[in-house]
Structures are given as structure tokens and as C-alpha cells.
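Visitor: In my numbering, the protein residues as written are 19 to 446.
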Amino acid sequence: MRQKEHPVPGDEQSGPSVLVYSALIVIGMIAPALTFMIAVSGLTPDTKIYGLAATSIAYFAICFWSFKRLRAEAIRRSGAMPNLQSAEAELTGKLLALEEANEFFGASLQPADTFRLVTNRIRDLYDFDTSVLFVVGPDAAELKAVQVQGTNQKHFRDCEVEKGLGLAGLAILSGEVEFSSDLNEDRSVLPAESLAGLRSSAAIPIFFKGESFGVLQMFSAEKIAHDDRSREILGAVGERIGPLLRGSIAHEESLSSALTDPLTNLPNERAFFMILENQLAESIRFREERPLSVLALDIKGFDEVDPAYESGEAERLLTFVGDVVRGQLRKMDFLARSNSDEFLVILPTASRTTADEVVKRIQAAFTKTPFTTLGGEDVKIWLNIGRSCFWKDGETANQLLQSARIQKQQAKSQEPETVLWFPKEYVN
Numbered sequence: 019m020r021q022k023e024h025p026v027p028g029d030e031q032s033g034p035s036v037l038v039y040s041a042l043i044v045i046g047m048i049a050p051a052l053t054f055m056i057a058v059s060g061l062t063p064d065t066k067i068y069g070l071a072a073t074s075i076a077y078f079a080i081c082f083w084s085f086k087r088l089r090a091e092a093i094r095r096s097g098a099m100p101n102l103q104s105a106e107a108e109l110t111g112k113l114l115a116l117e118e119a120n121e122f123f124g125a126s127l128q129p130a131d132t133f134r135l136v137t138n139r140i141r142d143l144y145d146f147d148t149s150v151l152f153v154v155g156p157d158a159a160e161l162k163a164v165q166v167q168g169t170n171q172k173h174f175r176d177c178e179v180e181k182g183l184g185l186a187g188l189a190i191l192s193g194e195v196e197f198s199s200d201l202n203e204d205r206s207v208l209p210a211e212s213l214a215g216l217r218s219s220a221a222i223p224i225f226f227k228g229e230s231f232g233v234l235q236m237f238s239a240e241k242i243a244h245d246d247r248s249r250e251i252l253g254a255v256g257e258r259i260g261p262l263l264r265g266s267i268a269h270e271e272s273l274s275s276a277l278t279d280p281l282t283n284l285p286n287e288r289a290f291f292m293i294l295e296n297q298l299a300e301s302i303r304f305r306e307e308r309p310l311s312v313l314a315l316d317i318k319g320f321d322e323v324d325p326a327y328e329s330g331e332a333e334r335l336l337t338f339v340g341d342v343v344r345g346q347l348r349k350m351d352f353l354a355r356s357n358s359d360e361f362l363v364i365l366p367t368a369s370r371t372t373a374d375e376v377v378k379r380i381q382a383a384f385t386k387t388p389f390t391t392l393g394g395e396d397v398k399i400w401l402n403i404g405r406s407c408f409w410k411d412g413e414t415a416n417q418l419l420q421s422a423r424i425q426k427q428q429a430k431s432q433e434p435e436t437v438l439w440f441p442k443e444y445v446n
């Protein structure tokens with residue numbers, strides 16, 4: 019990563035000034051003395067006139083030469099200094115633009131969009147090939163790459179580094195900009211493919227309300243500058259981009275929390291309806307060509323779990339059921355927890371036949387996979403499952419869910435009556 023260069027006046031530019039001022043001093047001393055000597059000499063009047071005229075012309079020529087040299091030097095200096103001032107003004111403008119973006123967008127931008135905005139602003143000041151945003155994890159012991167742009171980005175995704183390791187880990191501990199000209203600090207903590215073609219790096223701690231919550235690490239195929247000015251500029255960048263990035267991340271976290279079931283970490287019923295409405299729009303558009311099915315399922319005898327087993331067993335059972343069901347779904351399917359022991363599933367492009375196949379896979383999985391209680395007992399889980407298909411069982415989200423729940427209620431009257439049951443002989 020290299021700071022973009024701007025021309026500045028060099029030391030050699032002081033040479034013309036010394037020469038010009040020396041010439042003016044000499045001629046300023048010689049001209050009056052020469053004029054006096056000609057005036058008091060015994061030369062004829064015509065000769066004196068020619069001598070004084072020649073002296074005046076010479077003096078004028080030297081003054082004109084001095085003016086030209088000084089003017090040329092002034093032009094050179096004016097051409098350099100505005101560029102230097104321009105560089106400082108550009109830097110200030112870019113950093114202020116980040117603050118203005120924070121005030122304008124607030125937390126409305128997605129983290130990926132915010133990171134792209136920040137990266138593009140910084141790229142106007144510095145040349146770099148890859149930028150990675152590391153954020154402190156929940157345990158505060160490691161950093162995780164949450165946003166990446168540039169070269170080798172797929173190899174950086176979801177990378178984790180411990181505090182104190184790698185350039186990012188060092189920056190989060192020191193709270194200062196860290197530089198590396200050989201990437202040795204990162205070779206042992208980042209995948210080799212991520213550093214291919216890259217030569218140097220700078221890690222900028224990002225602050226919000228005086229505390230660092232992440233690191234912006236920039237990689238370059240060129241050598242970076244280690245000067246104090248670069249450190250100062252990048253440190254200012256870390257201070258100014260902090261509120262924008264933190265606000266965007268916090269907004270996503272709050273939105274995710276509003277759509278997530280805190281017990282199982284599955285999407286909740288609100289998220290289920292959001293996805294179902296989106297899938298319904300596609301199915302309504304293409305009708306027969308794009309089927310859609312919905313499943314509603316719950317656990318037989320769930321109310322008997324806590325009284326029969328240790329406290330907290332119900333929570334473990336819900337997580338277990340969610341994991342098993344999710345393992346039998348396709349990648350495109352969507353699983354959510356509604357309330358109590360009810361789970362909801364969206365099966366995009368699934369006809370009645372496909373939905374029935376998924377139901378059979380789920381039932382078979384629970385037959386093969388018992389739930390192990392805290393006391394070490396293996397128990398068999400049975401589910402009540404209802405299924406509904408678009409336009410045959412309903413054309414709106416509420417109609418489809420109601421139809422699936424009705425079928426689920428009907429399934430509750432079927433055998434087996436007891437859900438959490440295993441013969442003692444099997445357990446022993």
C-alpha cells in the first residue's frame with residue numbers, strides 16, 4: 019500500500035534564490051561607485067554620457083535577469099505548494115465525507131454497503147489491493163473477518179485470528195496503526211492463498227466512543243510507507259470510520275435479533291412470514307411451474323418433558339429437534355421456530371410429492387436418532403407433522419399455515435400416543 023504522492027519543493031530549488039540575491043548585492047554595490055567614478059573623471063562630456071548610459075543599461079539588464087529568475091522560481095514553488103496543500107485538503111475532505119456519510123445514512127446501510135463506501139473513500143487516499151474488516155468476537159479473545167473486498171477475498175472470508183497474533187491482532191491490542199513490509203506476522207494465522215501476490219499490509223484499529231471494536235487491515239502488492247505522516251493519517255481514518263461501521267453492524271445485529279429465536283438461534287415466526295410472502299410472490303407469478311409447500315410440526319408429549327426429566331431438558335430437546343429437522347432439509351428450504359415446541363418449514367419449488375418425501379426423511383431421522391437426556395437416557399422422539407401446498411390448500415401465507423396446522427392437529431390423534439418413550443430393555 020502506497021500513499022498517493024504529491025510533488026513538493028526540493029532543497030535544490032533554493033539555488034536560484036542565492037544566485038540572484040548575490041548578483042543584486044554585487045551590482046548594487048558596484049553601480050553607484052562606477053557611476054561616481056565616471057562623473058568625477060576627466061573624460062570628455064560625450065564619453066561620460068556613453069559611460070553612464072552603458073552602466074544604466076547593464077544595471078537594467080541585471081535587474082531584468084534577476085526578475086526573470088525570481089519569477090521562474092516563484093512559479094515552481096507555486097506549482098508545488100498548492101499541490102501539497104491540495105493533498106492535505108483532499109485528505110481532510112475525504113475524512114469529513116465519511117463523517118457526513120455517518121450523519122446522513124445513520125444505521126440504514128447494510129454492513130457490506132457501508133464497508134464498500136469506506137473502502138472506496140480510503141482508496142482515494144491510498145493505493146491497496148485488498149481490505150478486510152476484522153471485528154472482535156463475542157468472547158473478546160479473537161477477531162473474525164466479516165467484510166472483504168479486493169484480491170483473494172474468498173480466502174479471507176470468515177478467517178479468525180487471536181488477539182496478539184497477526185497484524186490485526188497486534189493492532190487491536192496496541193490500539194495503534196501497525197505496519198508490515200513482509201507479512202511475516204500474518205503467514206502463520208491466515209490462509210496462504212489469501213496472501214498470494216500480496217507484499218505488505220497496514221492494520222488500523224477502529225474506535226467507537228474511545229474503545230476499539232475491530233481492525234481494518236489493508237494489503238498491497240507494493241511496499242508500504244512507514245513514515246509518521248502515514249501513521250497519523252491512517253490513525254485519523256480509524257477514528258472517523260468507527261461510528262459509521264459500528265452503527266451499521268449494530269443495526270444488522272438488532273435486526274437479526276428481532277428475527278431470531280433466542281433459544282434455538284433459528285429464525286422466528288416473523289422471519290418465517292417474511293420469507294413465505296417472498297416465496298409466494300414467485301409461486302403466484304408462475305403458478306403450476308413453481309410449486310410451494312409448508313410444513314408445521316411439533317413434538318408429541320412435549321408438556322411432559324420437564325416434569326419427567328431434569329429442569330432445562332425442554333430447551334435441550336427443542337435445540338435437538340431443530341438440528342435434526344434442519345439436517346433433513348434441502349439447502350433452499352427454510353426452518354423457523356414459531357412458539358413453544360412448534361417448528362415451521364418452507365419448501366420452495368416443492369410439490370405435494372416432494373413435501374411428502376421430506377416428511378418421510380424427517381420421521382426416519384428421528385427413528386434412527388434418539389435424544390439423550392442429561393441423565394444419560396436415550397428416548398425416542400415422535401413428531402406431529404402437517405403439510406399444505408400452494409393454491410391447493412391455500413393461496414395466502416395465513417391460509418397455508420392454517421391448513422398445515424390443521425393437518426398437524428389431525429396427526430396428534432394418531433399413534434403412537436406417547437412420544438418420549440423407549441423400552442427399558444433397549445435403554446439398558
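Beta carbons: idealized from backbone N, C-alpha and C, even for Gly.
Any contact between the segment 315 to 325 and the segment 258 to 276? By contact I mean 3 or more CB pairs, one from each, below 8 Å.
Guide: Counting Cβ pairs under 8 Å, fewer than three are found: no touch.
Visitor: Out of Met55, Ser59, Tyr77, Lys66, point me to the one whose CA is closest to Val44's CA.
Guide: The shortest Cα separation from Val44 among Met55, Ser59, Tyr77, Lys66 belongs to Tyr77.
Visitor: What does a CB cutoff of less than 7 Å around Glu331 pick up in its chain, not counting 5 residues either side in sequence?
Guide: Correct list, in chain order: Val323, Asp324, Thr391, Leu392.
Visitor: The beta strand (DSSP E) with Phe231 in it runs from where to where?
Guide: Its beta strand (DSSP E) spans residues 229 to 238.
Visitor: Would you be able to state if there are at least three C-beta pairs under 8 Å between the segment 377 to 388 and the segment 282 to 290?
Guide: Because the criterion of three Cβ pairs below 8 Å is not met, the segment 282 to 290 and the segment 377 to 388 do not touch.
Visitor: The alpha helix (DSSP H) spanning Asn402 covers which residue range?
Guide: Not the alpha helix (DSSP H): Asn402 falls in the beta strand (DSSP E), residues 401 to 407.
Visitor: Count the other C-beta atoms from every protein chain shown that fall within 10 angstroms of the C-beta of Tyr68, then say buried if there are 16 or more, exposed otherwise.
Guide: Flag for Tyr68 reads exposed.
Visitor: Could you check what DSSP says for Gly412 in three-state terms: helix, strand or coil?
Guide: It is a strand residue.
Visitor: My parser needs the alpha helix (DSSP H) runs of 4 or more residues fully inside the segment 290 to 352; what are they?
Guide: DSSP runs (the alpha helix (DSSP H)) wholly in the segment 290 to 352: 323 to 326, 331 to 345.
Visitor: In terms of residue numbering, what span does the alpha helix (DSSP H) encompassing Gly184 cover?
Guide: Run containing Gly184: 184 to 192, per the alpha helix (DSSP H) assignment.
Visitor: May I have the straight-line CA-CA distance separating Arg405 from Leu365, to the nearest angstrom?
Guide: Rounded to the nearest angstrom, the two C-alpha atoms are 10 Å apart.
Visitor: Between the alpha carbons of Gln128 and Ser311, how many angstroms are there, rounded?
Guide: Their Cα atoms are separated by approximately 31 Å.
Visitor: To which residues of the same chain is Phe146 closer than 7 Å at the C-beta, ignoring the five residues directly before and after it?
Guide: Excluding residues within five positions, the ones whose Cβ falls inside 7 Å are Met19, Met236, Phe237, Ser238.
Visitor: Identify the continuous beta strand (DSSP E) that holds Lys162 and give its terminal residues.
Guide: Per DSSP, Lys162 belongs to the beta strand (DSSP E) from 160 to 168.
Visitor: Assuming the contact rule is C-beta atoms closer than 8 Å, Leu216 and Thr169 should be a hit. Round their C-beta distance to whole Å, please.
Guide: Rounded, the Cβ-Cβ distance is 7 Å, consistent with contact.
Visitor: Which partner residues of Thr148 appear in the DSSP bridge assignment?
Guide: In the DSSP output, where bridge partners are listed per residue, Thr148 has Gly168, Phe237.
Visitor: So if DSSP puts Asp279 in a beta bridge, which residue, or which two residues, is it bridged to?
Guide: Partner(s): none; Asp279 has no beta bridge.
Visitor: Let me confirm a value: Trp400 is counted as buried when at least 16 other C-beta atoms fall within 10 Å, else exposed. Which label applies?
Guide: Its Cβ being crowded by 16 or more others within 10 Å, Trp400 is buried.
Visitor: Might you give, ordered along the chain, the residues of its own chain that have their beta carbon closer than 8 Å to the beta carbon of Arg175, omitting 5 neighbours on each side?
Guide: Counting only Cβ-Cβ distances below 8 Å, and skipping sequence neighbours, we find Ala163, Val166.
Visitor: If you reduce the DSSP assignment to three classes, tell me which class Ile75 lands in.
Guide: Here Ile75 sits in helix by DSSP.
Visitor: Can you tell me whether Thr414 is buried or exposed, with buried defined as 16 or more other CB within 10 angstroms of its CB?
Guide: By the neighbour-count rule (16 or more Cβ atoms within 10 Å), Thr414 is not buried but exposed.
Visitor: Less than 7 Å between the C-beta atoms of Thr385 and Leu336, yes or no?
Guide: Not closer than 7 Å, so no.
Visitor: Could you name the residues of the same chain whose beta carbon sits closer than 8 Å to that of Thr53, not counting the 5 residues immediately before and after it, in chain order?
Guide: The answer, listed in chain order, is Leu70, Thr73.
Visitor: Return the bridge partner residues of Glu180 from the DSSP annotation.
Guide: DSSP output for Glu180 lists Glu160 as bridge partner(s).
Visitor: Whole angstroms are fine: how far does the CA of Trp83 sit from the CA of Ser96?
Guide: At Ser96 the pLDDT is 47, less than 50, meaning the model places this residue with poor confidence; the figure from the coordinates comes in the next sentence. Roughly 20 Å separates the two Cα atoms.
Visitor: Using 8 Å as the cut-off, can you tell me whether the segment 152 to 162 makes contact with the segment 241 to 257, which would need three or more C-beta pairs spanning the two stretches below that distance?
Guide: Contact fails: fewer than three Cβ-Cβ distances are below 8 Å.
Visitor: If Leu213 sits next to Glu203, beta carbons under 8 Å apart, how far is it from one beta carbon to the other, in whole angstroms?
Guide: That pair is no contact at about 11 Å.
Visitor: Would you say the beta carbon of Phe78 is closer than 6 Å to some non-hydrogen atom of the ligand FAD?
Guide: Looking for the ligand FAD in the displayed structure turns up nothing, as the structure carries no ligands at all.
Visitor: What first and last residue would you give for the alpha helix (DSSP H) that runs through Val455?
Guide: Here the chain covers residues 19 to 446 and nothing more, so residue 455 does not appear.
Visitor: Kindly indicate which three-state DSSP category Ala51 falls into: helix, strand or coil?
Guide: Helix, per DSSP.
Visitor: Would Val58 be called buried (16 or more neighbouring beta carbons within 10 Å of its own) or exposed?
Guide: Exposed, because fewer than 16 other Cβ atoms sit within 10 Å of the Cβ of Val58.
Visitor: Starting from Leu362, follow the beta strand (DSSP E) in both directions and report where the run begins and ends.
Guide: Where Leu362 is concerned, the enclosing beta strand (DSSP E) stretches over 361 to 366.
Visitor: Taking the beta strand (DSSP E) that Ile140 falls in, what are its first and last residues?
Guide: Here Ile140 belongs to no beta strand (DSSP E); instead the alpha helix (DSSP H) covers 129 to 141.
Visitor: To the nearest angstrom, how far is the alpha carbon of Lys172 from that of Asn296?
Guide: Cα-Cα distance, rounded: 29 Å.
Visitor: What first and last residue would you give for the beta strand (DSSP E) that runs through Glu395?
Guide: Careful: Glu395 lies outside any beta strand (DSSP E) and carries neither H nor E.
Visitor: Rounding to the nearest angstrom, what Cα-Cα distance links Ala105 and Ser206 in this structure?
Guide: Low per-residue confidence applies at Ala105: pLDDT is 47, beneath 50, and the placement is therefore not dependable, though the value from the model is reported in the following sentence. The alpha-carbon atoms of Ala105 and Ser206 are separated by roughly 37 Å.
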